[in-house]
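K.L.:
Residue numbers (the UniProt record's numbering): 1 to 466.
Ideal Cβ positions, reconstructed from N, Cα and C, are used throughout, including at glycine.
Quantities reported herein were computed from a predicted structural model and do not represent experimental measurements.
The structure under discussion is supplied below as structure tokens; questions concerning it will follow.
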């Protein structure tokens with residue numbers, strides 16, 4: 001059972017100052033930031049936005065795992081060889097002078113950072129963005145705890161040694177709190193004692209059945225480790241001003257610099273792709289079930305502006321980067337937009353695009369067999385008769401695996417409050433509100449869903465079907 005939220009929660013109005021505007025760019029002027037997860041989806045957006053919108057930033061330190069045979073210069077070159085950075089290269093051609101690579105690894109002692117690099121971070125860094133993690137939902141528990149919890153603990157300890165620390169911004173997930181169907185912007189009790197987690201891993205860490213019992217209602221080891229990390233930060237941040245950002249399912253860029261840009265199949269991209277292709281025709285859930293999407297630039301912008309307010313409370317401040325409470329969108333709306341776009345573009349691998357909702361496991365199994373597997377088998381049989389290689393069952397089988405991995409999110413309804421996020425955003429100057437948009441009410445779903453689908457087809461390679 002998940003305990004109720006911390007009753008000591010302070011309302012947004014009590015911690016978010018509106019007395020005067022402070023320019024975001026001015027706040028970051030002359031300061032240095034340290035980013036983990038910098039080669040990931042969100043990390044890239046952090047880098048681009050900070051260097052473009054806060055050009056007087058001093059340095060951006062990036063924790064990057066070393067790879068054998070690949071030099072640091074080559075890794076930096078590869079990182080910025082991306083359409084995302086086209087705007088930055090134009091607006092700030094010398095931006096690479098501000099980027100500093102820090103070889104390291106969240107899974108290693110002392111984060112794998114050399115003593116000299118560590119001292120540089122201690123002397124220079126003012127704001128930390130800890131977005132590094134293994135994002136596989138069902139990673140083996142020892143691996144998830146080592147990277148997602150121990151890595152966070154070590155990052156917090158390093159931040160506590162920084163001489164000029166102003167904000168430790170931790171990127172969690174809106175699904176960290178297990179069975180909580182209404183998520184508010186506050187801290188929650190720890191799902192377990194840290195010492196009990198280590199003891200369990202030592203005794204049962206590789207027993208999947210025991211792990212499922214131990215993590216309880218949490219959706220996988222990823223969510224459990226994030227929940228454990230949130231509670232640890234709330235209890236142990238000390239004098240470090242700390243912020244927790246909880247994004248829901250992170251989707252493509254909404255506003256800029258490249259609308260629709262994304263770079264991986266994690267989150268909702270896979271299931272949206274296969275529904276659009278006609279390879280997914282049955283979903284466990286209801287058409288009016290709300291699905292919580294948040295554009296990646298909204299998560300980045302919220303993280304960046306949250307650092308300005310980190311010092312305004314002695315407690316950890318929590319902001320949800322979510323849409324379901326203030327601007328909900330459901331599966332019916334998403335599917336109707338797909339059909340509309342399909343009619344215009346004619347792009348699909350399977351004819352007669354359709355989507356059926358079922359509300360039971362048995363219904364899902366039957367619908368999958370009759371509406372997905374059987375047509376695929378018949379289509380492959382026809383290809384064989386014509387002397388061509390079969391392909392449809394392989395595609396459908398992969399689509400089913402993607403759908404099943406996302407079943408928890410299609411079959412459950414969540415309401416994730418974003419009151420504090422909206423109030424934080426409204427506390428900015430009009431110019432900064434536009435530059436650092438993160439208010440979910442400003443998402444126009446028909447337009448955004450169209451851009452998101454176009455981005456999936458434009459920027460992602462076809463998924464590997466293994």
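(1) Are three or more beta carbon pairs between the region 300-319 and the region 428-447 nearer than 8 Å?
(2) Identify every run of the alpha helix (DSSP H) within the region 92-125, keeping only runs that are complete inside it and at least 4 residues long; order them along the chain.
(3) For residue 311, which option in 49, 127 and 367 has the closest C-alpha, if you only look at C-alpha atoms?
(4) Rounded C-beta distance between residue 39 and residue 131? I'm assuming under 8 Å.
(5) Determine the burial state of residue 366: buried for a count of at least 16 other Cβ atoms within 10 Å of its Cβ, exposed for fewer.
(6) Per DSSP, which residues does residue 350 bridge with? Please list them.
(7) Using DSSP's beta-bridge definition, name the partner residues of residue 416.
(8) Taking only the alpha-carbon atoms, compute the straight-line gap between residue 85 and residue 231 and give it to the nearest angstrom.
(9) Kindly indicate the opening and closing residues of the alpha helix (DSSP H) around residue 198.
(10) Does the distance from the CB of residue 217 to the CB of residue 149 come in under 8 Å?
(11) Does the region 282-299 come close enough to the region 324-340 that 3 or more CB-CB pairs lie under 8 Å?
(12) Going straight from the alpha carbon of residue 363 to that of residue 63, what length do you get?
(13) Nearest-angstrom Cα distance between residue 249 and residue 152?
(14) Run the CB neighbour count on residue 98, radius 10 Å, all protein chains shown included, and call it buried at 16 or more, exposed below.
(15) Would you mind stating whether residue 238 and residue 141 have Cβ atoms separated by less than 8 Å?
(16) With three or more C-beta pairs closer than 8 Å as the rule, is the region 77-84 touching the region 107-127?
(17) Mapping the DSSP letters down to three states, classify residue 436 as helix, strand or coil.
(18) Report the rounded CA-to-CA distance for residue 380 versus residue 392, giving the unit in angstroms.
(19) Quick check: the region 190-207 against the region 260-276, are there 3 or more CB pairs under 8 Å?
(20) Would you kindly check if the distance between the Cβ of residue 279 and the Cβ of residue 168 is under 8 Å?
(21) Let's test the definition: count the other Cβ atoms within 10 Å of the Cβ of residue 284 and tell me whether it reaches 16, buried, or not, exposed.
(22) Return yes when the Cβ of residue 253 is within less than 8 Å of the Cβ of residue 292, no when it is not.
(23) Smallest Cα separation from residue 417: which of 246, 49, 308 and 455?
(24) Select from 135, 341 and 96 the residue whose C-alpha is nearest the C-alpha of residue 147.
(25) Span of the alpha helix (DSSP H) holding residue 246?
(26) What distance in whole Å lies between the Cβ atoms of residue 50 and residue 33, which are believed to be in contact at a cut-off of 8 Å?
(27) In three-state DSSP terms, what is residue 320?
(28) Could you spell out where the alpha helix (DSSP H) holding residue 41 opens and where it closes?
(29) Taking Cβ to Cβ, would you say residue 467 is nearer than 8 Å to residue 166?
(30) The beta strand (DSSP E) with residue 35 in it runs from where to where?
(31) Terminal residues of the continuous alpha helix (DSSP H) containing residue 59?
(32) Distance, Cα to Cα, residue 353 vs residue 212?
(33) Let me know if residue 414 comes out buried or exposed under the rule of 16 or more other beta-carbons within 10 Å of its beta-carbon.
(34) Assign residue 374 to one of two classes, buried (16 or more other C-beta atoms within 10 Å of its C-beta) or exposed (fewer than that).
(35) Can you give the Cα-Cα distance for residue 282 and residue 396, rounded to whole angstroms?
P.N.:
So, from the listed chains and residues:
(1) Result yes; three or more Cβ-Cβ pairs closer than 8 Å.
(2) You should have 115-124.
(3) Of the listed residues, the one whose Cα sits closest to residue 311 is 127.
(4) The Cβ separation is near 10 Å, so there is no contact.
(5) With fewer than 16 other Cβ atoms within 10 Å, it is exposed.
(6) Bridge pairing for residue 350: absent [DSSP].
(7) For residue 416, which the question treats as bridged, DSSP gives the partners 183.
(8) Looking at the backbone, the Cα of residue 85 and that of residue 231 are separated by about 35 Å.
(9) Segment 194-204, the alpha helix (DSSP H) holding residue 198.
(10) Pairing residue 217 with residue 149 gives a Cβ-Cβ distance that is not under 8 Å.
(11) With three or more CB-CB distances shorter than 8 Å, the region 324-340 counts as touching the region 282-299.
(12) Between residue 363 and residue 63, the C-alpha separation is close to 47 Å.
(13) The C-alpha of residue 249 lies about 21 Å from the C-alpha of residue 152.
(14) That one is buried.
(15) No, Cβ-Cβ distance for residue 238 and residue 141 is not below 8 Å.
(16) No, they do not touch.
(17) In this structure, residue 436 counts as coil in the three-state DSSP scheme.
(18) One C-alpha to the other measures close to 6 Å.
(19) No, they do not touch.
(20) Taking 8 Å as the Cβ cut-off, residue 168 and residue 279 do not qualify as a contacting pair.
(21) Here residue 284 is buried, its C-beta having at least 16 other C-beta atoms within 10 Å.
(22) No, these two residues do not count as a Cβ contact at 8 Å.
(23) Nearest to residue 417 by C-alpha distance, out of 246, 49, 308 and 455, is 246.
(24) Of the candidates 135, 341 and 96, the one whose C-alpha sits nearest the C-alpha of residue 147 is 135.
(25) Segment 242-247 is the beta strand (DSSP E) holding residue 246; no alpha helix (DSSP H) there.
(26) Cβ atoms of residue 33 and residue 50 come within 8 Å of each other, at about 7 Å.
(27) In the three-state scheme derived from DSSP, where H, G and I count as helix and E and B as strand, residue 320 is classed as strand.
(28) Run containing residue 41: 41-53, per the alpha helix (DSSP H) assignment.
(29) The structure shown does not extend to residue 467, since the chain spans only 1 to 466, so no value can be given for it.
(30) Note, residue 35: beta strand (DSSP E), 32-36.
(31) From DSSP, residue 59 is part of no alpha helix (DSSP H) but of the beta strand (DSSP E) over 59-64.
(32) The alpha-carbon atoms of residue 353 and residue 212 are separated by roughly 37 Å.
(33) Label assigned to residue 414: buried.
(34) Exposed, by the Cβ-count rule.
(35) Annotation: residue 282 to residue 396 spans about 11 Å, alpha carbon to alpha carbon.
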